[in-house]
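First the structure, in the form of structure tokens, and then the observations on it.
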Amino acid sequence: MSQERLLYEPSPAVSMRVVQDGLAIMQEHAALSYHREPDSDRSFFSYCHPYGGKKDKVPSKIRYADVLWCEQDPEAAPDCVNLTFVHQHTIHRIQVQVDIADFNHHDNDISSYILSHAYTNGLVQPSVYVLLNPHGGTGSAKTIYDKHIEKVLKAANADVTYVETTYSGHATDLMRELDVSKYDIIVCCSGDGIPFEVINGFYARPDKGVSAFNKLAVTQLPCGSGNALSLSTHGTDNAFDATVAMLKSQRAKLDLMAVTQGKGENATTRLSFLSQCYGMIADADIGTEHLRWIGAVRFELGVLQKVLSRATYPCELWIDYATDTKQQLREHYDDHSGVVAPLSETQSSAMNLKYPGLDSPPPSNWVKVDDQVASTLNQVYVGNLPYVSKGAQFFPAALPNDHLMDLIMTTSKSSIRDTFSTILAVEKGTHVHNSNVYHAKIRGYRLIPKINGKGHYISVDGESFPFEPYQVEVFPGVLTGLLTDSKFVATSYTS
Numbered sequence: 016m017s018q019e020r021l022l023y024e025p026s027p028a029v030s031m032r033v034v035q036d037g038l039a040i041m042q043e044h045a046a047l048s049y050h051r052e053p054d055s056d057r058s059f060f061s062y063c064h065p066y067g068g069k070k071d072k073v074p075s076k077i078r079y080a081d082v083l084w085c086e087q088d089p090e091a092a093p094d095c096v097n098l099t100f101v102h103q104h105t106i107h108r109i110q111v112q113v114d115i116a117d118f119n120h121h122d123n124d125i126s127s128y129i130l131s132h133a134y135t136n137g138l139v140q141p142s143v144y145v146l147l148n149p150h151g152g153t154g155s156a157k158t159i160y161d162k163h164i165e166k167v168l169k170a171a172n173a174d175v176t177y178v179e180t181t182y183s184g185h186a187t188d189l190m191r192e193l194d195v196s197k198y199d200i201i202v203c204c205s206g207d208g209i210p211f212e213v214i215n216g217f218y219a220r221p222d223k224g225v226s227a228f229n230k231l232a233v234t235q236l237p238c239g240s241g242n243a244l245s246l247s248t249h250g251t252d253n254a255f256d257a258t259v260a261m262l263k264s265q266r267a268k269l270d271l272m273a274v275t276q277g278k279g280e281n282a283t284t285r286l287s288f289l290s291q292c293y294g295m296i297a298d299a300d301i302g303t304e305h306l307r308w309i310g311a312v313r314f315e316l317g318v319l320q321k322v323l324s325r326a327t328y329p330c331e332l333w334i335d336y337a338t339d340t341k342q343q344l345r346e347h348y349d350d351h352s353g354v355v356a357p358l359s360e361t362q363s364s365a366m367n368l369k370y371p372g373l374d375s376p377p378p379s380n381w382v383k384v385d386d387q388v389a390s391t392l393n394q395v396y397v398g399n400l401p402y403v404s405k406g407a408q409f410f411p412a413a414l415p416n417d418h419l420m421d422l423i424m425t426t427s428k429s430s431i432r433d434t435f436s437t438i439l440a441v442e443k444g445t446h447v448h449n450s451n452v453y454h455a456k457i458r459g460y461r462l463i464p465k466i467n468g469k470g471h472y473i474s475v476d477g478e479s480f481p482f483e484p485y486q487v488e489v490f491p492g493v494l495t496g497l498l499t500d501s502k503f504v505a506t507s508y509t510s
């Protein structure tokens with residue numbers, strides 16, 4: 016940004032000193048005056064709001080977490096830098112005079128020192144490959160990117176490659192052929208469909224994606240109707256806040272799930288980062304695709320119809336349990352929630368299926384769900400992320416890398432009132448404590464539908480899969496994601 020000029024008249028730099036978590040002001044009520052200029056060419060400063068003209072006050076402290084960029088001003092004193100930061104959901108740029116005494120024991124120049132503390136993940140000026148689905152959700156992704164995402168990336172001096180997808184599966188095709196050496200982050204400006212395509216594009220590469228999964232972090236900036244990955248990793252469905260969080264997050268390993276359908280030579284395996292669903296949730300989601308234009312309410316209407324009709328989805332279900340009771344699950348969560356998995360390289364062996372295929376019996380240690388229970392099920396929902404959408408903390412005990420999946424099962428035996436009560440509790444993630452909800456950690460499972468497929472769906476990461484038997488197992492620690500402190504966001508399970 017050295018070629019860009021401040022849009023306000025020169026004024027004394029704000030004097031600041033270095034503190035533990037940022038820069039603290041050394042003068043009270045500092046304000047800078049400036050003259051606004053037309054910005055018809057949409058340059059960087061059409062997005063930025065320098066302090067001053069309206070007597071905006073510089074905050075008493077600017078945290079490193081809020082700093083997007085810092086650079087020396089060649090026309091100013093050596094102890095002056097131009098600082099770009101976020102304050103109250105707005106990008107600002109000011110000139111800062113830093114107390115030089117703070118740097119007597121540091122080898123770095125002032126700007127390098129500030130940037131190294133602002134980006135503890137080491138991703139200063141990351142190379143970002145943006146994939147935007149202009150037709151996802153309500154069709155507003157491009158507007159969201161232009162208004163809320165692009166300005167943050169520009170302010171952080173990110174090296175951006177921008178691509179709009181033009182057909183279903185486009186992202187998969189792009190990722191299959193991508194030169195992974197050129198990029199640090201794949202940014203999915205979309206709902207949950209593009210992340211699904213990205214990881215399966217990696218998996219379709221000759222090495223099953225090993226090089227891509229190791230080199231590239233995959234993240235989502237919320238531009239769709241689901242936004243589960245952003246909600247679970249960045250803690251928000253606000254695109255501006257998610258972009259800032261993305262830039263500051265740490266690389267971390269996340270489990271994926273391998274979903275296999277078909278037998279023998281006709282068997283196909285695709286990867287899932289979010290969930291698989293059989294039952295009323297799948298029908299309420301996929302079955303209302305024609306209403307996607309009305310937003311999230313389409314799903315609520317679909318669930319309402321299924322609950323009132325007391326829909327049942329019988330199946331045969333075999334499960335490889337890791338926990339058998341809710342107490343065991345609680346203990347597992349407490350033992351593993353504070354554990355940060357090492358950022359190790361994924362090996363090719365991690366991409367191989369461990370269990371026999373659908374043309375063979377399930378392993379002998381897998382437990383078959385009693386037919387009396389399986390015949391009354393109204394949903395079998397398995398996931399790896401705590402949030403599946405805004406206000407839906409469906410898997411509050413999900414962990415990034417515990418090598419397990421979270422299972423939720425309910426039956427139609429509950430009254431309509433109790434069923435609605437359970438659904439309402441999903442917002443806070445407390446539904447899992449309901450005695451009518453079966454909640455477990457599992458290593459794998461096999462589900463065989465026992466209902467006519469007409470008008471029914473199997474949903475994987477929100478995508479419609481063939482209505483036929485499927486088997487799922489964990490691919491542990493395969494996906495490189497971006498997390499704050501290497502953890503998912505807080506949930507009802509968080510201590």
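Heads up: take any position in the sequence shown, counting from 1, add 15, and you land on this note's numbering. Cβ coordinates follow ideal geometry from the N, Cα and C atoms, glycine included. Quantities reported herein were computed from a predicted structural model and do not represent experimental measurements.
Residue of the options minimising C-alpha distance to residue i
i	options	result
W381	P357, N451, A365 and G459	G459
A482	S247, K341, Y328 and T426	Residue identity differs from the one stated: residue 482 is Phe in this sequence, not Ala. Closest by alpha carbon: Y328.
S287	Q112, T99 and D207	D207
P484	K278, S359 and A407	K278
V233	K341, D222, G239 and T248	T248
R266	L400, G239, K230 and I301	K230
I106	S30, D300, F255 and S226	F255
W84	G406, Q140, V113 and T338	Q140
D417	T340, K162, S430 and K456	K456
D374	N281, Y508 and T445	N281
S507	T426, R461, P464 and L414	L414
A260	V384, P237 and C330	P237
D188	G241, D174 and F211	F211
L147	D194, K383, E192 and A186	A186
L358	G492, E192, A170 and G151	G492
Per-residue burial, residue i [other beta carbons within 10 Å of its own, 16 or more giving buried]
i	result
D476	buried
K197	exposed
H104	exposed
Q486	buried
H77	First, the residue type needs correcting, since residue 77 is Ile and not His in the sequence shown. Result: buried.
P376	exposed
E360	exposed
M41	exposed
S55	A caution first: S55 carries a pLDDT of 36, below 50, which makes its placement in the model unreliable, though a value can still be read off. The residue in question, S55, is exposed, as its Cβ has fewer than 16 Cβ neighbours within 10 Å.
N215	buried
S474	buried
P411	buried
Y49	Below a pLDDT of 50, predicted positions are generally treated as unreliable, and Y49, at 35, falls in that range; no measurement from the model is reported.
Y182	exposed
D270	buried
I431	exposed
Run of the alpha helix (DSSP H) containing residue i, from where it starts to where it stops
i	result
D349	K341 to H351
V167	E165 to A170
I129	I125 to A133
F410	Premise fails: F410 is in no alpha helix (DSSP H) and is neither H nor E.
R191	H185 to E192
S226	V225 to K230
D256	A254 to K263
Y218	G208 to Y218
Reduced DSSP category for residue i - H, G, I as helix; E, B as strand; rest coil
i	result
D335	strand
F59	Because F59 carries a pLDDT of 41, less than 50, the predicted location of this residue cannot be relied on, and the following value inherits that uncertainty. The answer is helix: DSSP assigns F59 an H, G or I state.
L22	Residue placement at L22 is flagged as unreliable, the pLDDT there being 37, under the threshold of 50; a coordinate-derived value is accordingly withheld.
R432	helix
A92	coil
D421	strand
P481	coil
Q387	helix
Y198	coil
H102	strand
G516	The first residue shown for the chain is 16 and the last is 510, placing residue 516 beyond what the model contains.
D270	strand
L147	strand
E515	As displayed, the chain neither begins before 16 nor continues past 510, which places residue 515 out of reach and without an answer.
Distance cut-off 8 Å: residue i Cβ against heavy atoms of the ligand NAP
i	result
T248	Absence of the ligand NAP is noted for the structure shown, with no ligands found whatsoever.
Boundaries (first-last residue) of the beta strand (DSSP E) holding residue i
i	result
I466	From DSSP, I466 is part of no beta strand (DSSP E); its letter is neither H nor E.
S247	First-last for S247: A243 to T248, but that is the alpha helix (DSSP H), not the beta strand (DSSP E).
D174	D174 to E179
M31	V29 to V34
K157	No beta strand (DSSP E) contains K157, which is instead part of the alpha helix (DSSP H) from A156 to I159.
- Message: Could you check whether the stretch 343-350 touches the stretch 387-396, counting it as contact only if at least three pairs of C-beta atoms, one from each stretch, sit closer than 8 Å?
- Response: The answer is no - the stretch 387-396 does not touch the stretch 343-350, with fewer than three Cβ pairs under 8 Å.
- Query: Are at least three pairs of beta-carbons, each pair with one atom in the stretch 74-92 and one in the stretch 34-43, less than 8 Å apart?
  - Reply: These segments touch.
- Message: For the pair the stretch 463-475 and the stretch 494-502, tell me if three or more CB-CB distances fall below 8 Å.
- Response: The stretch 463-475 vs the stretch 494-502: no contact.
- Message: Could you check whether the stretch 124-134 touches the stretch 81-95, counting it as contact only if at least three pairs of C-beta atoms, one from each stretch, sit closer than 8 Å?
- Response: In the pairwise beta carbon analysis, the stretch 124-134 is classified as touching the stretch 81-95: at least three pairs are separated by under 8 Å.
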